[in-house]
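Participant: Chains as they are written, first to last, in the numbering used here: chain S, 223 to 356; chain F, 7 to 510.
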């Protein structure tokens, strides 16, 4: 048994910011807001916006047309599927799974776009130094 | 007090207690100001989706939709569809970028995107106004419920909800309320689902009469009364208001900041779509059965259909238990929506009003939040006392028209269009807010009449939303020199997936 207490040791955590991590050139292009970075961002933005508009168009052309349809073809109000009036079946039940399907489709495609974008940004110019004029 | 009131009293007491107990339990893990406002942004999609569902299904969904369907028929199916489809629009246009913006509230987003204190102040005013407009029917619904189930005076229900909300929100803030609301979604679903099975069994045993036979032809047509051009306008205007209004609701938007990242925000939204879809299949069943078994409620008292149908169809102990169950669900609806709105309004008030220096005093973050929560509850409570008779879903529908004409254009243009300027945003918010606000005030103050003016003011979204959009775009183009310098940088942050590590 030794009487001597162990020497004091300074305890430190790992550095918060990994400052010297080598970041892909594509990422730096975006950070520096160069012309190339701008091209990356614009293409991602456009893809995501068009995807969103496609989903909204699908929504508008299905659910959105129903009021017009029932106005133009009033006899649809009498159509029945089994016991249920058609309008109640379409609007009260079937609309909801359709919304979930649209949402699921959107998420799949949006995440695909983001993965492609991450790959593109990570791979671009990784062979050489940053030469893009700003 | 007769024995009729026992199930109602038991239900209200149990739900209130459960809310307080779960809220207190959440308090033990609520430590920081960040816990208070956004649950430290660590809520997983499944829990968060239940919480959003619990928060979103308000008095209007639980009581109002079935009542409107009973009276007006298929045209009212557009309310629940719109309230669900609103999340699809939110998912594709707003969810992930909004989360990535890293702001707490709508005013925070506006200030970060546009770099203007003026826009921030206007948004704060709008959040508080919309929050109060939306809290009003919650308190009224509570009054209706207690009057129907235990014969209490109308103000009693409002007061109970206000007190429980305040007691559960002020100690634990957002983190504890997340658990409370997730619990309340499942409670509400159970409270509607279990009686449906019993009621359908009774209906079959009675010979399965046809609900449509007991109603006029227009009951089965999904077009607003009186049909024709006006009916078409009203229906589409309602669709615009509900599809776009969801994304601007202050309590819904605040919830998105509790997601860990943009990807989780999307998944949460998809789960919400599913949960809402399951719930909204149920109110039409009550409405259809109500046509056969509760014809006396069609005119005037349709809001209590869900509460009274079980006792009208099934007598005795089973009827009493079912009545207790739907009362519990209704109370859960008032409590969860009011809590969410209170948090959202209090969040804004505490940042912009109670958290500021008053004389030589300045309240700390949590104390300021508690004072703000009290203000957020008391004002709509006082407003709800004089007016107790309105169709719940209609008042809530008007709140959607206001958010669709103000925050929806701001969010959509702010996220997808670099050219938005502070002046353009303010102009659009004013045009949409004043236009729809005037229509709401006019509609609440007068009685409905057939004709175009009543339709245009009763459902303003179809003109006020495009007007707001157009104003924002045109004024932004006219003042294009004042596009914020950091707009490009901010757009990058909104749309870059988390997998790409930028210097944020």
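Even glycine gets a Cβ: it sits at the ideal position worked out from N, Cα and C.
#1: Who are the neighbours of residue 340/S on chain F, taking C-beta pairs under 8 Å?
#2: Can the beta-carbon of residue 289/F be found closer than 8 Å to that of residue 72/F?
#3: Distance cutoff 8 Å, beta carbons only. Does residue 475/F sit that close to anything in chain S?
#4: To which residues of the same chain is residue 449/F closer than 7 Å at the C-beta, ignoring the five residues directly before and after it?
#5: Just to confirm the assignment, what range does the alpha helix (DSSP H) spanning residue 389/F have?
#6: Taking 8 Å as the CB-CB limit, is residue 422/F close to chain S?
#7: Consider the Cβ of residue 354/S: report whether some Cβ of chain F lies at a distance smaller than 8 Å.
#8: Can you tell me whether residue 335/S is helix, strand or coil according to DSSP?
#9: Figure out for me which residue from 194/F, 453/F and 215/F has the closest Cα to the Cα of residue 286/F.
#10: Consider the Cβ of residue 272/S: report whether some Cβ of chain F lies at a distance smaller than 8 Å.
#11: Assess contact between the region 261 to 270 of chain F and the region 418 to 429 of chain F, defined as three or more Cβ pairs (one per stretch) separated by less than 8 Å. Is contact present?
#12: Does the Cβ-Cβ distance between residue 113/F and residue 133/F come in under 8 Å?
#13: By the criterion of Cβ-Cβ separation under 9 Å, what are the contact partners of residue 245/F in chain S?
#14: Taking all protein chains shown into account, do 16 or more other C-beta atoms lie within 10 angstroms of the C-beta of residue 96/F, making it buried, or fewer, making it exposed?
#15: Between the region 348 to 357 of chain F and the region 127 to 141 of chain F, are three or more C-beta pairs nearer than 8 Å?
#16: What are the residues of the region 318 to 332 of chain S that lie near chain F, defined by any Cβ-Cβ distance shorter than 8 Å?
#17: What span of residues does the alpha helix (DSSP H) with residue 260/F cover, start to end?
#18: My assumption, with CB atoms under 8 Å, is that residue 5/F sits in contact with residue 333/F. Please give the rounded CB distance.
#19: Looking only at DSSP bridge pairs, what is residue 302/S linked to?
#20: Let's see if you can read the secondary structure: which residues bound the alpha helix (DSSP H) around residue 106/F?
#21: Output the residue ranges of the alpha helix (DSSP H) runs that lie fully inside the region 453 to 500 of chain F and measure 4 residues or longer, sorted by chain position.
#22: 8 Å is my cut-off, CB to CB: does residue 227/S come that close to chain F?
#23: So which residues of chain F does residue 304/S contact, with C-beta pairs closer than 8 Å?
#24: Contact criterion: CB-CB distance below 8 Å. Does residue 7/F meet it with respect to chain S?
#25: What residues in its chain sit with their C-beta under 7 Å from that of residue 299/S, if we drop five residues either side in the sequence?
#26: Cutting at 7 Å between CB atoms, please list the residues of its own chain near residue 497/F, excluding the five before and the five after it.
#27: What whole-angstrom Cβ distance do residue 229/F and residue 289/S have, given they're in contact under 8 Å?
#28: Rounded to whole angstroms, what is the Cα-Cα separation between residue 266/S and residue 341/S?
#29: Would you say the region 343 to 351 of chain F touches the region 151 to 171 of chain F, given that touching needs at least three Cβ pairs under 8 Å?
#30: Thinking C-alpha only, which one of 458/F, 416/F, 470/F and 422/F is nearest residue 129/F?
#31: Beta-carbon within less than 6 Å of residue 310/F's beta-carbon, same chain only, minus the 5 sequence neighbours each way: which residues are those?
#32: Apply the 10 Å Cβ neighbour rule to residue 518/F and answer buried if 16 or more other Cβ atoms are within range, or exposed otherwise.
#33: Tell me whether residue 210/F is buried or exposed, calling it buried when 16 or more other Cβ atoms sit within 10 Å of its Cβ.
#34: Quick check: what's the CA-CA separation for residue 197/F versus residue 206/F?
Facilitator: On the basis of the supplied data:
#1: 503, 505 and 506
#2: yes
#3: no
#4: 404, 463 and 464
#5: 371 to 390
#6: Output row for residue 422/F: interface = yes.
#7: Per-residue confidence for residue 354/S stands at a pLDDT of 44, beneath the threshold of 50, marking its modelled position as unreliable; the derived number appears in the next sentence. Judged by the 8 Å Cβ criterion, residue 354/S is not in contact with chain F.
#8: helix
#9: 194/F
#10: no
#11: Note that the region 261 to 270 of chain F does not touch the region 418 to 429 of chain F; fewer than 3 beta-carbon pairs, one per stretch, sit closer than 8 Å.
#12: Yes.
#13: 285, 286 and 289
#14: buried
#15: yes
#16: Flagged, chain order: 318, 319, 321, 322, 324, 325, 326, 328, 329 and 332.
#17: 256 to 262
#18: The requested residue 5/F does not occur in the structure, where chain F is confined to residues 7 to 510.
#19: 307/S
#20: 101 to 107
#21: 458 to 464 and 467 to 484
#22: no
#23: Chain F residues near residue 304/S: none, gap ~12 Å exceeds 8 Å.
#24: Only weak support exists for where residue 7/F lies, its pLDDT of 41 falling under 50; the value from the coordinates is given anyway. Taking Cβ atoms only, chain S never reaches closer than 8 Å to residue 7/F, which makes this a no.
#25: 292 and 309
#26: 424
#27: 6 Å
#28: Here the alpha carbons of residue 341/S and residue 266/S stand approximately 12 Å from one another.
#29: As far as the Cβ criterion goes, the region 343 to 351 of chain F touches the region 151 to 171 of chain F, which means the pair count is three or higher.
#30: 416/F
#31: 154
#32: Nothing about residue 518/F can be read from this structure; chain F reaches only from 7 to 510.
#33: exposed
#34: Going by C-alpha positions, residue 197/F is about 15 Å away from residue 206/F.
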